[in-house]
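Only one structure is covered here, and it is reproduced in the block below.
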Amino acid sequence: MYIEETYRGRNYAKLLIDHTKEVAKQLGFPKIYLCTNLIGYYEKQQFRYIGDGYHPWGEKSRIYESENL
């Protein structure tokens, strides 16, 4: 997910996260996961850092999970 700089501060990221969680819940997924290098934002959206992961091209990202009950 990426929000263009000119559209930031309008709560669009939270709306997208909430929508993703709702769709995942409707489909029966109890958790959702994401990878990012951003620290601080997703913790505020009830995501929990669970460790680092590595992309096939060698880069490292932080992995987060969120309960979706």
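So the sequence shown is numbered by this note's numbering: it starts at 6 and just counts up by one.
Heads up, the beta-carbon is just placed ideally off N, CA and C, and yes, glycines get one too.
None of the values given here were measured: they were computed from a predicted structure.
Once DSSP output is grouped into helix, strand and coil, what is the label at E64?
Locating residue 64 in the sequence shown gives position 59, counting from the first residue. Coil at E64, not helix or strand.
By the DSSP assignment, the alpha helix (DSSP H) with I22 in it spans what residues?
Against the sequence shown, residue 22 aligns to sequence position 17. Annotation: the continuous alpha helix (DSSP H) that includes I22 extends over Y17 to Q31.
Examine the Cβ distances between the region 56-68 and the region 27-35 and report whether three or more of them are shorter than 8 Å.
Segment contact: the region 56-68 against the region 27-35, fewer than three CB-CB distances shorter than 8 Å; contact not assigned.
So is I22 buried or exposed if we call it buried at 16+ other beta carbons inside 10 Å?
Here residue 22 refers to the residue found at position 17 when the sequence shown is read from its first residue. Residue environment: I22 is assigned as buried (16 or more neighbouring CB atoms within 10 Å of its CB, all protein chains considered).
Taking the straight line between their C-alpha atoms, what separation do you get for Q51 and S71?
Against the sequence shown, residue 51 aligns to sequence position 46. Against the sequence shown, residue 71 aligns to sequence position 66. Cα-Cα distance, rounded: 6 Å.
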